[in-house]
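Comments concern the structure below.
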Amino acid sequence: LLDTDVKFAADTTGDSAKSVTASLNDGDVALLENVRFDPREEKNDDTLAMELADLSDGIYVNDAFGTAHRAHSSTEGVAHHVDEAVAGFLMEKEITFLNGTLEHPEKPFVAVLGGAKVSDKIGVIENLLDKVDEILIGGGMAYTFLKAKGYEIGNSLVDETKIDYCKEMLAKAEKLGKKILLPVDAVTIKDFP
650 LLDTDVKFAA DTTGDSAKSV TASLNDGDVA LLENVRFDPR EEKNDDTLAM
700 ELADLSDGIY VNDAFGTAHR AHSSTEGVAH HVDEAVAGFL MEKEITFLNG
750 TLEHPEKPFV AVLGGAKVSD KIGVIENLLD KVDEILIGGG MAYTFLKAKG
800 YEIGNSLVDE TKIDYCKEML AKAEKLGKKI LLPVDAVTIK DFP
């Protein structure tokens, strides 16, 4: 798609990555091994962040909108060790679209949220409740809301520390005349195949 060869490094910040990035000329492209394989990534390890910054020319471009909220070495950490940190074109496109949608939404305005952790979505849920007509919640976080409503959820994923928060959001939605919709059925199994 780029009409050029893409050089691949077998590691993220080690000898292969250093060798590949050092050999780049203007217009060349390199792909490093997935940083998520490094256990330091999710810990926002400063050493990893510095190693990533050392591979750049002092410029960091974050174009991963879906992970930009995470304080990890490759998103938040590296930005402290470069001369310039900027958002990429995809990030700009996503933000422009979201701003337009939130400022001038078409009705009905329905948000669909999922994922494992309610704690990752706290600000999103609170802000959206004032703007949307309905929020559909699925994924693992739905079980925390279901438990907050008094349902038995067995061994399903739950964030015990956010049950009261879920109760507050359910009450806020009701007071605002909004709906938080949760799954009405589920498939259960004893073991994953």
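Position one of the sequence shown corresponds to residue 650 (the numbering used here), numbered consecutively onward. The beta-carbon is built from N, C-alpha and C at its ideal position, and this holds for glycine as well.
message: Using 8 angstroms as the cut-off, can you tell me whether the region 794-804 makes contact with the region 750-758, which would need three or more C-beta pairs spanning the two stretches below that distance?
response: no
message: Check whether the region 719-729 and the region 772-782 are in contact - that is, three or more C-beta pairs closer than 8 angstroms.
response: no
- prompt: Would you call the region 688-706 and the region 735-744 in contact, with 3 or more CB pairs under 8 angstroms?
  reply: No, the region 688-706 is not in contact with the region 735-744.
task: Give the range of the beta strand (DSSP E) segment to which Tyr709 is assigned.
output: 708-711 is the span of the beta strand (DSSP E), which, as asked, contains Tyr709.
task: Can you tell me which of Leu819, Lys821, Glu823, Met790 puts its alpha carbon nearest to the alpha carbon of Glu809?
output: Met790
task: Check each candidate in Pro832, Lys756, Asn674 and name the one with the smallest Cα separation from Gly788.
output: Pro832
query: Can you tell which of Asn693, Phe794, Ala658 has its C-alpha closest to the C-alpha of Glu725?
result: Cα-wise, what sits closest to Glu725 is Asn693.
Proximity below 7 angstroms, CB of Leu697 to CB of Ser665: no
query: So what does DSSP say about Val678, is it helix, strand or coil?
result: strand
- request: Taking Ala765 as part of the alpha helix (DSSP H), name the residues at either end of that continuous run.
  value: That residue, Ala765, is in no alpha helix (DSSP H); it is neither H nor E in DSSP.
query: What three-state label does DSSP hand Ile786 in the structure shown?
result: strand
- request: Note down, one range per segment and in chain order, each alpha helix (DSSP H) of at least 4 residues found wholly within the region 682-761.
  value: 695-703, 738-752
task: Can you grab the Cα-Cα spacing for the pair Val759 / Ala658, in whole Å?
output: 42 angstroms
message: Considering just the uninterrupted stretch of the alpha helix (DSSP H) at Lys816, what are its terminal residues?
response: 812-825
- request: Please name the residue or residues paired with Lys656 in a DSSP beta bridge.
  value: Ala679
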